[in-house]
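K.L.:
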Amino acid sequence: MSTYPRRRVLAAAAGAAAVTALPLATSAPARAATRQAPWATVPDPVPVPLDALYDNDGIDTASARGGDFDGSGYTFPGEELPAGRVEADGVPFDFPGSTAGARNNAVALGQRIDVPKGRYLSAHFLTAASYGDASGTATVHYADGTTATAGLGGADWYATGGPLSAPYRYRPDGTKDEHPVGIGVSELPLDPGREAVAITLPVTSPAEAGKASLHVFALTLQPAAQGRALLLRSAHSTPSLLEPSGAQSVEATVVNAGTVAVLAADGVSVAVDVPGARTVQPARIRRLDPGEQARVRIGIRNRTGTAPGTRRDGTVTVTGRGTEAADLSGTFTLGTADYAPTEDSLSAHQAPYWFQGAKFGVFIHWGVYSVPAWSPVGAQYAEWYWDSMQDPSNAVYAYHRDTYGADFAYDDFIPRFTAERFDPRAWVELFRDAGAQYHVLTSKHHEGFALWDTQVSDRNAVRMGPKRDLVRELFEASRRYAPELHRGLYFSMPEWFNPDNPWMGHAPRNPYTLAPVPYTGYTAGKDYVHDYQAPQMLELIHGYDPEIIWCDIGGANDSLHVLAEYFNHAKNRARPTDVTVNDRSGIAFHDFTTPEYTTYANTVVAKWEASRGLDPHSYGYNRATPDDAYMTAEEVVHSLVDIVSKNGNFLLDIGPRADGTIPEIMQTRLRETGQWLKVNGEAIYDTTYWSRMAQLGEDLRFTVRPDEAFYIHSLTRPGPKLIVDAPVPVRPGDKVTMLGHDRPLTWTVSGGSLVVDVPRAARDAGRYAWVFKVHWQV
287 MSTYPRRRVL
297 AAAAGAAAVT
307 ALPLATSAPA
317 RAATRQAPWA
327 TVPDPVPVPL
337 DALYDNDGID
347 TASARGGDFD
357 GSGYTFPGEE
367 LPAGRVEADG
377 VPFDFPGSTA
387 GARNNAVALG
397 QRIDVPKGRY
407 LSAHFLTAAS
417 YGDASGTATV
427 HYADGTTATA
437 GLGGADWYAT
447 GGPLSAPYRY
457 RPDGTKDEHP
467 VGIGVSELPL
477 DPGREAVAIT
487 LPVTSPAEAG
497 KASLHVFALT
507 LQPAAQGRAL
517 LLRSAHSTPS
527 LLEPSGAQSV
537 EATVVNAGTV
547 AVLAADGVSV
557 AVDVPGARTV
567 QPARIRRLDP
577 GEQARVRIGI
587 RNRTGTAPGT
597 RRDGTVTVTG
607 RGTEAADLSG
617 TFTLGTADYA
627 PTEDSLSAHQ
637 APYWFQGAKF
647 GVFIHWGVYS
657 VPAWSPVGAQ
667 YAEWYWDSMQ
677 DPSNAVYAYH
687 RDTYGADFAY
697 DDFIPRFTAE
707 RFDPRAWVEL
717 FRDAGAQYHV
727 LTSKHHEGFA
737 LWDTQVSDRN
747 AVRMGPKRDL
757 VRELFEASRR
767 YAPELHRGLY
777 FSMPEWFNPD
787 NPWMGHAPRN
797 PYTLAPVPYT
807 GYTAGKDYVH
817 DYQAPQMLEL
827 IHGYDPEIIW
837 CDIGGANDSL
847 HVLAEYFNHA
857 KNRARPTDVT
867 VNDRSGIAFH
877 DFTTPEYTTY
887 ANTVVAKWEA
897 SRGLDPHSYG
907 YNRATPDDAY
917 MTAEEVVHSL
927 VDIVSKNGNF
937 LLDIGPRADG
947 TIPEIMQTRL
957 RETGQWLKVN
967 GEAIYDTTYW
977 SRMAQLGEDL
987 RFTVRPDEAF
997 YIHSLTRPGP
1007 KLIVDAPVPV
1017 RPGDKVTMLG
1027 HDRPLTWTVS
1037 GGSLVVDVPR
1047 AARDAGRYAW
1057 VFKVHWQV
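For reference, each letter of the sequence shown is one residue, going 287 to 1064 in the working numbering.
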């Protein structure tokens, strides 16, 4: 794994821009006159001016300088961002842009925003954070004098993308920092049963270096309709295929914008009308309470004569009760043509549905660094041993000299990397027992030692060390003994001391004498990217068929060509495979972002995956770490629940020893997690986040199984009564149970809160996290 500062300097972590200048079609007001009674027309969104609150200049242009977004003099590039009315995530906003003058965003410091008095479903903000994710508690004020609170936050502008993105930012000196930055959409739920009059922003830090601050650029309110009403947002075609039909998926978000619940008897269906294709798998909505959202997938198939990649204007339409309820026009790509090696072409790709539903994977850091396997506990990554020993002030420098001697080179560890007790079947059966849905092995870490039979270099596990193709053995065991698991490979883009392109600025050398030493198994003189890096990635793609390529570090690359080949190879197989890539390949395009040893504070709609080791601060095995310093099963479960509630996956890392054995404490923690998932997995796998909020306080998290159930996760042992002070979608006739205790529980709604009676038998049945299920009667 990369250390955080170095990864942030070298990797490209934000997505391409996905913002559109208005006017765009919204929920078809032009056709509202044809809508019949049972469906009301939804009022248009209401942008709220924030000019009077702006107190920060975060947008500059090359010709107009002077801004300071983050307290360190960095700014967004105005040339790359729109201005005026824009649409982001299907919501119209008045974005200030660089034309707004010296103030264009407000740092959230508890300001009160007066809003037009009305009944609203939600408030949507354009937000970005500086110096880390930033969030806090916002307060909604209602005309009757009551208030309600909910979390409001934003993702770090530098660490993640957003619907408004730029490929670089300006440094304080006006030069370009070639790293994407982004602005996202944050949603705050409102109670349509009360008239809102104001919103108070959270209190975060002022825009100062090293302090996490939340910045607000724009606000739009979505009014509620009276009666039965639906609206559509964000309709777009995707390259993803639906099961079991194999049809192409079109995605859209359906919002219950009225005051009446949608039930199965309403017969709500979503279809696409577009020349050149037909709907073969309409989406059905069987339960959608007022204020709730459903992210649906509609299957279409090209008609004869329509070439893959054809773009056509069309309409997504929601019908129910025998008539149209809502529609949304847009331009759709019909079928998926071969990918070209360009950002525009790759940007059509997205994380596969299997990955979105998998939620939990096992990361495996294994390599030559597993031989010394040492670093100060909780302080730094053990897999960075070779780099750490270069620094006389680092503890590894003295440890290596005292333990192995100053003349013992790092590559002298290679013969000791034996893998003699590596049992790939036992590994994959452990991953399956842990409840994981996929695994990702380090095919080559920053040390440049490949675990497969690469033809590019002798610096690999077949010609040295184990004399085995470790990648092939693991993948073959996975396919044979745990075929339900998806298989992925980590690949470090640069190498620390490769003589052709040394990441750390020099070829291998003795850190004590600075005398040069060989880069074992490799003949210098190659073009690093085109003769070494790219061919190795293509070997993995064509020889091992990984479903995930998990790049690291970024830097010099040929990723446009490599990833186009990866996607085309998977797409054009006799049995097409949905594959995915993360945000560290060195280009802006990615399918998901990858915070490490941290998570996002709130829901991030763009797919993401958090990773960390069971070790307190290492991915590779650290022999110095005592068993009691590893994550407990409770900590693993709490992390998993928190991450999934915010639309993330959890990639939990283990570090095998050099002989191929997995430390017993790691095996125990994985099996304990698997036992919890056997009981509670239905609240994790194939769920989605709750659009209203991810969490309530420190203890409660929420997930949703569309059309079936709503889940409340209590991270602490509940008392005799579980009180959920949130607009839980529960109706008379619904049943509430606790997973692992099948008897129905008594429940009421009192003062807007769900109150569940929890008998001692139910409390005793739970462990780590207690999951309450609202079984929807549809």
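Every residue, glycine too, gets a C-beta built ideally from N, C-alpha and C.
In this text the structure is predicted, and so the values were computed from the model without any measurement.
1. Please list the segments of the beta strand (DSSP E) lying wholly inside the segment 762-814, counting only runs of 3 or more residues, in order along the chain.
2. Quickly, what does DSSP pair F618 with across the bridge? List them, please.
3. Can you find the residues in the same chain that come closer than 6 Å, C-beta to C-beta, to D993, ignoring five residues on each side of it along the sequence?
4. On a CA-only basis, which of P1018, T1034, W962 is nearest G1052? Give me that one, please.
5. In the segment 896-962, which residue ranges form an unbroken alpha helix (DSSP H) of at least 4 residues, counting only runs that do not cross its ends?
6. For L516, name the three-state secondary structure that DSSP assigns.
7. Within its chain, find whatever has a CB closer than 7 Å to the CB of F362; leave out the 5 residues flanking it on each side and keep chain order.
8. Just the Cα atoms here: how many angstroms apart are L632 and V393?
9. State the Cα-Cα distance for the pair L310 and T433, rounded to the nearest angstrom.
10. How far does the beta strand (DSSP E) with V401 in it extend, from its first residue to its last?
11. For S904, which residues of its own chain have a beta-carbon under 8 Å away from its beta-carbon, when the five flanking residues on both sides are left out?
12. Given a cut-off of 8 Å, decide if I485 and A409 are closer than it, judged by their beta-carbon atoms.
13. Output the boundary residues of the beta strand (DSSP E) element that contains H501.
14. Could you tell me the distance, in whole angstroms, from the CA atom of G967 to the CA atom of V582?
15. To the nearest angstrom, report how far apart G906 and V726 are at their CA atoms.
16. So Y428 and S526 are in contact, right, with Cβ under 8 Å, and what is the actual spacing, rounded?
17. Can you give, in chain order, each stretch of the beta strand (DSSP E) that sits fully within the segment 316-363 and has at least 3 residues?
18. Let me confirm a value: E464 is counted as buried when at least 16 other C-beta atoms fall within 10 Å, else exposed. Which label applies?
19. For T689, which three-state DSSP category applies?
20. In chain order, what residues of the same chain have a beta carbon less than 6 Å from the beta carbon of N935, not counting five sequence neighbours either side?
21. Relative to the C-alpha of G396, which residue among D341, E373, L367, A623 is closest?
22. Looking only at DSSP bridge pairs, what is A856 linked to?
23. I'd like the list of long-range same chain contacts for P568, defined as Cβ closer than 7 Å, with 5 residues on each side in sequence excluded.
24. Taking the C-alpha atoms as reference points, what is the distance between A318 and V401?
25. Could you name the residues of the same chain whose beta carbon sits closer than 6 Å to that of R1046, not counting the 5 residues immediately before and after it, in chain order?
26. Cβ of Q508 within 8 Å of Cβ of P335?
27. Following the continuous alpha helix (DSSP H) through H828, name the residue where it begins and the one where it ends.
28. Just to confirm my understanding: we take T974, look at its own chain, exclude 5 residues before and 5 after, and list those with CB closer than 6 Å. What are they?
29. Would you say the segment 777-795 touches the segment 756-766, given that touching needs at least three Cβ pairs under 8 Å?
30. Compute the beta-carbon to beta-carbon distance between T728 and E825, rounded to the nearest angstrom, for a pair I have assumed lies under 8 Å.
31. Helix, strand or coil: which one does DSSP assign to Y456?
32. At which residues does the alpha helix (DSSP H) containing R1049 begin and terminate?
33. Please determine, among A695, D459, G946, N787, the residue with the shortest C-alpha to C-alpha distance to A801.
34. Can you check the segment 609-669 for any alpha helix (DSSP H) of at least 4 residues that lies completely inside it and give the ranges in chain order?
35. Tell me whether K753 sits in a helix, a strand or coil according to DSSP, three-state version.
36. Name the two residues that bound the continuous alpha helix (DSSP H) containing W713.
P.N.:
This is what the structure holds:
1. 772-778
2. The sequence position of residue 618 within the sequence shown is 332, counting from 1. The partner list for F618 (beta bridge, DSSP) reads R598.
3. Counted from its first residue, the sequence shown places residue 993 at position 707. For D993, where only same-chain residues beyond five positions count, the Cβ hits under 6 Å are R572, R573.
4. On the sequence shown, position 766 is the one that residue 1052 refers to. Comparing Cα positions, the closest option is W962.
5. 919-931
6. The residue given as residue 516 occupies position 230 in the sequence shown. Correct three-state label for L516: strand.
7. Position 76 of the sequence shown, counted from the first residue, corresponds to residue 362. Cβ neighbours of F362 beyond the five flanking positions: G344, I345, F355, A452, R455, V467.
8. As a working note, residue 632 is residue 346 in the sequence shown. As a working note, residue 393 is residue 107 in the sequence shown. Their Cα atoms are separated by approximately 34 Å.
9. The sequence position of residue 310 within the sequence shown is 24, counting from 1. The sequence position of residue 433 within the sequence shown is 147, counting from 1. The pLDDT assigned to L310 is 29, lower than 50, so where the model puts this residue is not dependable; a value taken from the coordinates is nonetheless given after this. Cα to Cα, L310 sits roughly 34 Å from T433.
10. Here residue 401 corresponds to residue number 115 of the sequence shown, with the count starting at 1. Run containing V401: 398-404, per the beta strand (DSSP E) assignment.
11. For this step, residue 904 is matched to residue 618 along the sequence shown. Result list for S904: S661, Q666, Y667, A668, E669, T911, G941, in chain order.
12. Residue numbering aside, residue 409 sits at position 123 when the sequence shown is read from its first letter. Residue numbering aside, residue 485 sits at position 199 when the sequence shown is read from its first letter. Cβ atoms of A409 and I485: closer than 8 Å.
13. Mapped onto the sequence shown, residue 501 falls at position 215. Here the beta strand (DSSP E) through H501 covers 499-509.
14. One-based indexing of the sequence shown puts residue 967 at position 681. One-based indexing of the sequence shown puts residue 582 at position 296. Whole-angstrom Cα-Cα distance: 22 Å.
15. Taking the first residue of the sequence shown as position 1, residue 906 is located at position 620. Taking the first residue of the sequence shown as position 1, residue 726 is located at position 440. Cα to Cα, G906 sits roughly 13 Å from V726.
16. Position 142 of the sequence shown, counted from the start, is the residue given in the question as residue 428. Position 240 of the sequence shown, counted from the start, is the residue given in the question as residue 526. At roughly 41 Å, the Cβ-Cβ gap does not stay under 8 Å, so Y428 and S526 are not in contact.
17. 332-334
18. Here the question's residue 464 lines up with position 178 in the sequence shown. Under this definition E464 is an exposed residue.
19. The residue given as residue 689 occupies position 403 in the sequence shown. Three-state result, T689: helix.
20. As a first step, residue 935 is located in the sequence shown; it is residue number 649 there, counting from the start. The answer, listed in chain order, is K645, E895.
21. Within the sequence shown, residue 396 is the residue found at index 110, counting from 1. Nearest of D341, E373, L367, A623 to G396, Cα basis: D341.
22. Translated into positions along the sequence shown, residue 856 becomes position 570. Answer is none; A856 lacks a bridge partner.
23. Counting from one through the sequence shown, the residue named residue 568 turns up at place 282. Contacts found: S555, V556, A557, I584.
24. Your numbering for residue 318 matches position 32 in the sequence shown. Your numbering for residue 401 matches position 115 in the sequence shown. Low confidence applies to A318: its pLDDT is 39, below 50, so where it sits in the model is not reliable, and the reading given next is rough at best. When rounded, the distance between both Cα atoms is 27 Å.
25. Numbered from 1 along the sequence shown, position 760 holds the residue referred to as residue 1046. For R1046, where only same-chain residues beyond five positions count, there are no Cβ hits under 6 Å.
26. Residue mapping note: residue 508 aligns to position 222 of the sequence shown, counting from 1. Residue mapping note: residue 335 aligns to position 49 of the sequence shown, counting from 1. It is not a contact, given that the beta carbons lie outside the stated cut-off.
27. Locating residue 828 in the sequence shown gives position 542, where the first residue counts as 1. Counting along the chain, the alpha helix (DSSP H) containing H828 begins and ends at 820-830.
28. Counting from 1 along the sequence shown, the entry for residue 974 is found at position 688. Answer for T974: V990, listed in chain order.
29. no
30. By 1-based counting over the sequence shown, the position of residue 728 is 442. By 1-based counting over the sequence shown, the position of residue 825 is 539. Actually they are not in contact, since the Cβ atoms of T728 and E825 sit about 15 Å apart, beyond 8 Å.
31. Residue 456 sits at position 170 when you count from the first residue of the sequence shown. Y456: strand per DSSP, three-state reduction.
32. As a working mapping, residue 1049 is identified with position 763 in the sequence shown. Residues 1046-1051.
33. Position 515 of the sequence shown, counting from 1, holds the residue named residue 801. The shortest Cα separation from A801 among A695, D459, G946, N787 belongs to A695.
34. 629-632, 639-644
35. Along the sequence shown, one-based indexing puts residue 753 at 467. Coil at K753, not helix or strand.
36. Translated into positions along the sequence shown, residue 713 becomes position 427. First-last of the alpha helix (DSSP H) with W713: 710-719.
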